[in-house]
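Reading through the structure tokens given below for one structure.
There are 2 protein chains.
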Amino acid sequence: MPDTNLAPTTALDDAALDRLFRKARTANAWQDRPVTDETLRQLYELTILGPTSANQLPGRFVFVRTPEAKEKLLTTVSSGNQEKTRTAPVTAIIAFDPQFYEHLPRLFPHADAKSWFTGNAAFAERSAFLNSTLQAGYLILAARSLGLDAGPMGGFDSKKTDELFLAETGWKSTMLINLGYGDHSKTFGRLPRLGFDEAALLA
Amino acid sequence: MPDTNLAPTTALDDAALDRLFRKARTANAWQDRPVTDETLRQLYELTILGPTSANQLPGRFVFVRTPEAKEKLLTTVSSGNQEKTRTAPVTAIIAFDPQFYEHLPRLFPHADAKSWFTGNAAFAERSAFLNSTLQAGYLILAARSLGLDAGPMGGFDSKKTDELFLAETGWKSTMLINLGYGDHSKTFGRLPRLGFDEAALLA
């Protein structure tokens, strides 16, 4: 009998591939349709399942959705990202916890993974940056999986964001992702992509 | 009339969410079933559609699948990752091109984005590292979308990998991802995850 605790081995259908990749687009404008906290919790529960190195799970997520918090966040956002961030139902601050390894005795109990990072802040921070960015990729595709649209952004002042939102936790922000239901009448044309032979090698 | 060039706005069904997230697992052993170059090209075509900041697309991908190339790669892989890498039909080297910005006049034609990076190697490298790691996240979920299993790994010597595989291109490796059809009889139990209240905030 197949183990039903494991993933089905078939590829997704065309509609799912379209939703995730082929017809999915970064949203720049939004429908007047809220994103509930329940949906944000579903989004988190999918995102957190994606793999990270030694189950480090360094990614941290601040879901900014009240007008007061949004106003505060807008003081850190570049001019080109203002309007879409102001109007997005939610903006997620993607961050990492530089002390993520304190959780490893629970998250990765079969090895002393915490000791790989204690006293090696530069190594720990690189690992946290890499793995939390993987988790940002999972979050973008988890959002699309739930019928949401995402608008990832690099144009913001991460230091100021840390001061305003993360001072108590010590987390470090790396990017912002607007979340909502996109107004596709305002989606830009798809930009060109690099061909396989420009960005990949077979060895 | 709805624009059929844009993504359907519905959430994926349970089977798709299972395949991508809820029942998906990192593979540690593999079925004796090849991954064709055609499948690797499909994987690339999905991966490259994921969003990157200003369409930078810094990610580069070396698909190692011949015995000779695999032997060479194994000289860079940590002992704990040897067997699963040796037996994987394909191991993808995830890398970035530090000179990615040379393509921006074509990839992001409506602004002089190339000038943001020229003469600022540290800023360019951080952006390439972040965005190519997002692309690695897309690749892992694109693999799952195509019915493949993925096994991402950090335990390898990136400097030696660069010398052996990337000397001609100047690309820089950041992680490895085994690809194939997993032998789920050998999948480990799911490790714990952080709860919403440990890794997320509502603001």
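From first to last, the protein sequence lines stand for chains E and R.
Using full-length UniProt numbering, read the first sequence as starting at 1 and increasing by one per residue.
Using full-length UniProt numbering, read the second sequence as starting at 1 and increasing by one per residue.
Every residue, glycine too, gets a C-beta built ideally from N, C-alpha and C.
| Asked | Found |
| --- | --- |
| Beta carbon proximity, Met-1(E) to chain R, threshold 8 Å | Only weak support is given to the placement of Met-1(E): the predicted model assigns it a pLDDT of 38, under 50, and the value that follows is read from those uncertain coordinates. Judged by the 8 Å Cβ criterion, Met-1(E) is not in contact with chain R. |
| At least 3 beta-carbon pairs within less than 8 Å: the stretch 49–58 of chain E vs the stretch 128–144 of chain E | yes |
| Pick from Leu-43(R), Pro-152(R), Leu-20(R) and Ala-124(R) that is closest to Gly-80(R), judged by C-alpha positions | Pro-152(R) |
| Backbone secondary structure at Pro-2(E) - three-state DSSP | A caution first: Pro-2(E) carries a pLDDT of 42, below 50, which makes its placement in the model unreliable, though a value can still be read off. Pro-2(E) falls in the coil class under three-state DSSP. |
| Cutoff 8 Å: Ile-94(R) Cβ touching any chain E Cβ | no |
| Neighbouring residues, chain R, relative to Ser-37(E) (Cβ below 8 Å) | A small fix is needed here, since residue 37(E) is Asp in this sequence, not Ser. The answer, in chain order, is Leu-202. |
| Given Lys-172(E) as reference, the closest of Ser-145(E), Asn-178(E), Leu-141(E) and Lys-160(E) once Cα atoms are compared | Lys-160(E) |
| Short CB-CB distance (under 8 Å) between Tyr-101(R) and chain E | no |
| Cβ pair Ala-69(E), Leu-176(E) closer than 8 Å | no |
| Opening and closing residue of the alpha helix (DSSP H) in which Asp-14(E) lies | 14–17 |
| Neighbourhood of Asn-28(R) by C-beta distance below 7 Å, restricted to the same chain and skipping five residues each side | Lys-84, Gly-151, Lys-186, Thr-187 and Phe-188 |
| C-alpha gap between Gln-31(E) and Gly-137(E), whole angstroms | 23 Å |
| Sufficient close CB pairs (3 or more, under 8 Å) joining the stretch 9–19 of chain R to the stretch 138–148 of chain E | yes |
| Minimum Cβ-Cβ distance from Arg-33(E) to chain R less than 8 Å | no |
| Cβ shell of Leu-104(R) (< 6 Å), same chain only, five flanking positions each side left out | Ala-113 and Lys-114 |
| Cβ shell of Ala-121(R) (< 8 Å), same chain only, five flanking positions each side left out | Pro-98 |
| Cutoff 8 Å: Arg-86(R) Cβ touching any chain E Cβ | no |
| 7 Å Cβ cut-off: residues of chain R touching Pro-98(E) | The contacting residues do not exist; Pro-98(E) stays about 14 Å from chain R at best. |
| Those residues which DSSP pairs with Arg-60(R) across a bridge | Ala-95(R) |
| Proximal residues of chain E, C-beta to C-beta of Asn-120(R) below 7 Å | Ordered by position in chain E, no residue passes the 7 Å Cβ test against Asn-120(R), which lies about 14 Å from the chain. |
| Exposure label - Asp-197(E); buried when at least 16 CB within 10 Å | exposed |
| Partners in chain E for Ala-136(R), counting only beta-carbon separations shorter than 8 Å | Leu-134 and Gly-137 |
| Contact check, Ala-199(E) vs Ile-94(R), beta carbons under 8 Å | no |
| Coil, strand or helix - Pro-185(R) by DSSP | One point to set straight first is that residue 185(R) is Ser, not Pro, in the sequence displayed. In this structure, Ser-185(R) counts as helix in the three-state DSSP scheme. |
| Chain E residues whose Cβ lies nearer than 9 Å to that of Ser-53(R) | Pro-152, Met-153, Gly-154, Gly-155 and Met-175 |
| Start and end residues, alpha helix (DSSP H) containing Leu-146(R) | That residue, Leu-146(R), is in no alpha helix (DSSP H); it is neither H nor E in DSSP. |
| Simplified DSSP state of Lys-172(E), which is helix, strand or coil | strand |
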